[in-house]
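Residue 38 in numbering that gives the first Met the number 0 is what sits at position 39 of the sequence shown, and the numbering runs on without skipping anything.
Reviewing the structure listed below.
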Amino acid sequence: MSRVSGKLVLVTGASSGIGEACARRFAAEGAHLALWARRGERLTQLAAELERAHGIAVRIAAVDVRDRAAVYRTAAELVATQVPDVLINNAGLAAGLSKIHEGDVDDWDRMIDTNLKGLLNVTRAILPHMVTRRRGHIVNIGSTAGHMSYPKGNVYSATKAAVRSLTDGMNLDVAGTPIRVSSVDPGFVETEFSEVRFRGDVDRAKAVYRGFKPLSAEDVADAIAYVVNLPEHVNIVDLILVPTAQRNIYVVDRE
Ligand SMILES: NC(=O)c1ccc[n+]([C@@H]2O[C@H](COP(=O)([O-])OP(=O)(O)OC[C@H]3O[C@@H](n4cnc5c(N)ncnc54)[C@H](OP(=O)(O)O)[C@@H]3O)[C@@H](O)[C@H]2O)c1
């Protein structure tokens, strides 16, 4: 039986890609869910489907993780009834792909405000309740880009390197409690990620994954489920997963 069965899992960025796959995976394992993203209509549909299919409870919130007040308000409403046992800090994006001296500063703000400050907003709102309860697990979704920069990936890579550093820092700060902090860092995953990066240019997005088999969102959710399902005395601090064809951040076997 799954260790998350009957527990509450909060997933940010649950309207698409890896977050949606986590929602589906944890629902199938019998977890109750709190799902956050900006596109509330997608969450409404997903929640109805998962409640029907698995008989679990799903709470949704249309929330922008960059909006600290909204995050605090939504978190306060959630913890008033139940503190999440697991937080998947997944909401994030890449915006644009430019040399640093040609970069769009609005794109920089979006990435820093979402991937870094958004993750901090959610963590600051939820973690104190886990500490009080002396129970919880936070999984930060980083990236191979946080381990090595790639050309034109500058600010996105920097945000994911910061997430990696925060995973270390958070682990140190919860010493004295049984709370775990993990990072799961994927390479190429075919989701809406590249469509968002290239502002809806579907052809350019598809070209990113041409000639090799990328990870699916379900592959990543599978790894996250492994990390979360381990016994409480076992913590995966950092798990890197890549498609087999992606030998490192530069070398991809393409047909
Ligand atoms: N795909 C890859 O190759 C890859 C590789 C390594 C790491 N990652 C990381 O994996 C995570 C998930 O990305 P994905 O590949 O699943 O992309 P995706 O399909 O575009 O999903 C991104 C999710 O984040 C949410 N989101 C974005 N900005 C948000 C905001 N301001 N407030 C709340 N939610 C927000 C989106 O929901 P709304 O738009 O509805 O708000 C969506 O649910 C990201 O942190 C990404 O950096 C992806």
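Where is the CB? At the ideal position from N, CA and C, for every residue including glycine.
Here the structure is a predicted model, which means the values were calculated and not measured.
Are the CB atoms of Leu77 and Leu126 within a distance shorter than 9 Å?
Position 127 of the sequence shown, counting from 1, holds the residue named residue 126. Position 78 of the sequence shown, counting from 1, holds the residue named residue 77. The answer is no: Cβ separation not under 9 Å.
Is Ile140 near ligand 1, in the sense that its beta carbon is under 8 Å from a heavy atom of that ligand?
By 1-based counting over the sequence shown, the position of residue 140 is 141. Answer for Ile140: yes, Cβ within range of ligand 1.
Is the beta carbon of Ala90 closer than 9 Å to that of Gly152?
The count along the sequence shown starts at 1 and reaches residue 152 at position 153. The count along the sequence shown starts at 1 and reaches residue 90 at position 91. Against a cut-off of 9 Å, the Cβ pair of Ala90 and Gly152 comes out as no contact.
Mind checking who Asn88 pairs with in its DSSP beta bridge?
Within the sequence shown, numbered from 1, the residue matching residue 88 stands at position 89. Here Asn88 is bridged, per DSSP, to Asn139.
Taking Ala124 as the reference, which of Met147, Ser97, Leu96, Asp66 has the closest Cα?
Within the sequence shown, the letter at position 125 stands for residue 124. Nearest option by C-alpha distance: Asp66.
What does a CB cutoff of less than 7 Å around Ala33 pick up in its chain, not counting 5 residues either side in sequence?
Translated into positions along the sequence shown, residue 33 becomes position 34. Taken in chain order, the residues that qualify are Leu7, Leu9, Arg58, Leu77, Pro83.
Within 8 Å, do at least three Cβ pairs link the segment 207–219 to the segment 161–175?
no
Please name the residue, chosen from Ser181, Val226, Asn120, that lies closest to Val70 on a Cα-to-Cα basis.
For the purposes of this step, residue 70 is taken as the residue at position 71 of the sequence shown. When each option's Cα is compared against that of Val70, the closest is Asn120.
Taking Arg196 as the reference, give the member of Cys21, Gly210, Ile140, Trp107 with the closest Cα.
In the sequence shown, the residue the question calls residue 196 occupies position 197. Considering only alpha carbons, the answer is Trp107.
Check whether the segment 187–206 touches the segment 23–38, taking contact to mean three or more Cβ pairs, one atom from each stretch, closer than 8 Å.
no
Which class does Ala36 belong to by DSSP, given the choice of helix, strand or coil?
What you label residue 36 is simply residue 37 of the sequence shown in a count that begins at 1. Looking at Ala36 - three-state DSSP - the assignment turns out to be strand.
Do Pro230 and Arg2 have their C-beta atoms within less than 9 Å of each other?
Here residue 230 refers to the residue found at position 231 when the sequence shown is read from its first residue. Here residue 2 refers to the residue found at position 3 when the sequence shown is read from its first residue. Cβ distance < 9 Å, so Pro230 and Arg2 count as in contact.
Give the range of the alpha helix (DSSP H) segment to which Arg163 is assigned.
Start at 1 with the first residue of the sequence shown, and residue 163 comes out as number 164. That run of the alpha helix (DSSP H) goes 153–172.
Based on Cα-Cα distance, which residue from Gly199, Pro242, Val154 lies nearest to Ser97?
Mapped onto the sequence shown, residue 97 falls at position 98. Cα-wise, what sits closest to Ser97 is Val154.
For Arg314, which residues of its own chain have a beta-carbon under 6 Å away from its beta-carbon, when the five flanking residues on both sides are left out?
Within the shown structure, residues of the chain are numbered from 0 to 254, placing residue 314 beyond reach of any answer.
With a threshold of 16 other CB atoms inside 10 Å of the CB of Glu254, please say whether the residue is buried or exposed.
Mapped onto the sequence shown, residue 254 falls at position 255. With fewer than 16 Cβ atoms within 10 Å of its Cβ, Glu254 is classed as exposed.
On a CA-only basis, which of Ser148, Ile140, Val130, Ala157 is nearest Asp172? Give me that one, please.
Position 173 of the sequence shown holds residue 172. Answer by Cα proximity: Val130.
Proximity to Met147 [Cα-Cα], best of Pro185, Ala36, Thr190
The sequence position of residue 147 within the sequence shown is 148, counting from 1. If we check each option's Cα against that of Met147, Pro185 comes out closest.
Starting from Val8, follow the beta strand (DSSP E) in both directions and report where the run begins and ends.
In the sequence shown, residue 8 corresponds to position 9, counting from 1. Unbroken beta strand (DSSP E) run through Val8: 7–11.
Beta-carbon gap between Val226 and Val183 smaller than 9 Å:
Position 227 of the sequence shown holds residue 226. Position 184 of the sequence shown holds residue 183. Yes.
Considering only heavy atoms of ligand 1, does any lie closer than 8 Å to the CB of Phe211?
The sequence position of residue 211 within the sequence shown is 212, counting from 1. No, the beta carbon of Phe211 sits no closer than 8 Å to any heavy atom of ligand 1.
I'd like to confirm something about Val195: is its beta-carbon nearer than 8 Å to some heavy atom of ligand 1, or not?
Sequence index remark: in the sequence shown, residue 195 carries index 196 (1-based). For Val195, the shortest C-beta to heavy atom distance toward ligand 1 is below 8 Å.
Short check: CB of Pro242 to CB of Phe192, under 9 Å?
Walking along the sequence shown from the start, residue 242 turns up at place 243. Walking along the sequence shown from the start, residue 192 turns up at place 193. No, they are not a contact pair.
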